[in-house]
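Down below is the structure, laid out as structure tokens.
2 protein chains.
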Amino acid sequence: MTFDRIDLKILDILQRDATVPVARIADKVGLSQTPCWKRIQKHEEAGVIRARVALLNPDALGLSLTAFVMVEAIDHTAEWRTEFLTVTETLEPVRDIYRLAGTHDFMLRVVVPDMPAFDAFYDTLTSSIRLRSVSSVFALEQVKACTALPLSGLFPSPN
Amino acid sequence: MTFDRIDLKILDILQRDATVPVARIADKVGLSQTPCWKRIQKHEEAGVIRARVALLNPDALGLSLTAFVMVEAIDHTAEWRTEFLTVTETLEPVRDIYRLAGTHDFMLRVVVPDMPAFDAFYDTLTSSIRLRSVSSVFALEQVKACTALPLSGLFPSPN
DNA sequence: GCTGAAAATACTAATAC
DNA sequence: GTATTAGTATTTTCAGC
Chain Z
1 MTFDRIDLKI LDILQRDATV PVARIADKVG LSQTPCWKRI QKHEEAGVIR ARVALLNPDA
61 LGLSLTAFVM VEAIDHTAEW RTEFLTVTET LEPVRDIYRL AGTHDFMLRV VVPDMPAFDA
121 FYDTLTSSIR LRSVSSVFAL EQVKACTALP LSGLFPSPN
Chain P
1 MTFDRIDLKI LDILQRDATV PVARIADKVG LSQTPCWKRI QKHEEAGVIR ARVALLNPDA
61 LGLSLTAFVM VEAIDHTAEW RTEFLTVTET LEPVRDIYRL AGTHDFMLRV VVPDMPAFDA
121 FYDTLTSSIR LRSVSSVFAL EQVKACTALP LSGLFPSPN
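Protein chains in written order, with full-length UniProt numbering: chain Z, 1 to 159; chain P, 1 to 159.
And the structure:
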């Protein structure tokens, strides 16, 4: 799949604000409405646009504690990994799961209301699966939150 | 600000899929269209709904390397912090900035196309501001990605 | 690939209940 | 809160260049 400058511009607008009407996007990228709409449609079908979602304010909802939990596997079998993912994917506070390079095997981004809730999560995690080590990092504040990808550094495909 | 079950349900629907029309949301939460639309409007004005955005697929755009960079401040003055935030907020690959509790002071989520790009970012960062220590963790794969907040564990406000 | 316009849908706001 | 209405905006499709 290739992207020209116009594609990147369209995607960049939408990943910042998905409420911008197609007519205005078309105007900004120098296209008329129909071809612009068709490109967006194509990107949606191809899965380049994964979803359109509303971003909520965690503090307003009392979800002000974010923790990053780094985990070492007890062994490196396929069975352990499968079980680990099955357990963590179904745990409510786990928002993201990253498989890591280096000494730690996985990192979880965990969102909970407060420390007692984190403690409860920690108990559930450690009693659900055996781990070699767990180390948690707590965020006091999220200074910047950005779901958009850094597209401006990308070169358009030469096709 | 208080949220009843209906508010939480509405927000949960929108944070998973913001394309669902108000009529269908109203139907799902057992409200008619007008009050449902007014609640959504209220949450948008109050900033509970921060934004509506499109989520893009990083791999499709050649942005497959995510790194978490943990930083220790060289000192704990207000000046250092201000400068650090000024520098990092303007660096393209930096998507999120967390202020941490513990030995490390900040963690950055960094998204780049590949290792050379990360190397370039690292050079820019370390030459822009003095740091006591930097340690990076690299993600091989993002197994789960979820921007939605875990609302199902929340109790509705008793009002 | 593009333009322009029509049709279908959804949103927004106001009404009376 | 509901139901209905109407006007506006947007999305989507359909012709033709």
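We put the CB at the ideal spot given by N, CA and C, even for glycine.
Inset, instruction - Anything in the segment 76 to 91 of chain Z with a Cβ closer than 7 Å to a Cβ of chain P? List those residues in chain order, please. - result: Listed in sequence order: L85 and E89.
Legend entry - is_contact[K144(P), chain Z] using C-beta, thresh 8 Å: yes
Legend entry - A117(Z) classed as buried or exposed, judged by whether at least 16 other C-beta atoms fall within 10 angstroms: When all chains shown are included, A117(Z) counts as buried.
Inset, instruction - With 8 Å as the C-beta to C-beta threshold (strictly closer), list the residues of the segment 121 to 144 of chain P near chain Z in chain order. - result: V137, F138, A139, L140, E141, Q142, V143 and K144
Inset, instruction - Pick out whichever of P150(P), L154(P), C146(P) and F155(P) has its Cα sitting closest to the Cα of L55(P). - result: C146(P)
Inset, instruction - Can you give me, in chain order, the residues of the segment 47 to 72 of chain Z that have a beta carbon less than 8 Å from any beta carbon in chain P? - result: G47, V48, I49, R50, A51, R52, V53, A54, L55, L56, N57, P58, A60, L61, G62, L63, T66, F68 and M70
Inset, instruction - Check the Cβ of L11(P) against every Cβ in chain Z and list those closer than 7 Å, keeping chain order. - result: Within chain Z, the residues near L11(P) are L56.
Legend entry - C-alpha distance - D105(P) paired with V22(Z), whole-angstrom precision: 42 Å
Inset, instruction - Please indicate yes or no: does the CB of T2(Z) lie closer than 7 Å to some heavy atom of the ligand MN? - result: This structure lacks the ligand MN, and indeed carries no ligand of any kind.
Legend entry - Boundaries of the alpha helix (DSSP H) in which V29(Z) is found, first to last residue: V22 to V29
Inset, instruction - Tell me, please, whether the CB atom of G102(Z) is closer than 8 Å to any CB atom in chain P? - result: yes
Legend entry - Between the CA atoms of R99(P) and Q33(Z) - distance to the nearest angstrom: 43 Å
Legend entry - Assumed close pair V134(Z), A67(Z) - CB separation to whole angstroms, cut-off 8 Å: Contact flag wrong, Cβ pair sits at about 11 Å.
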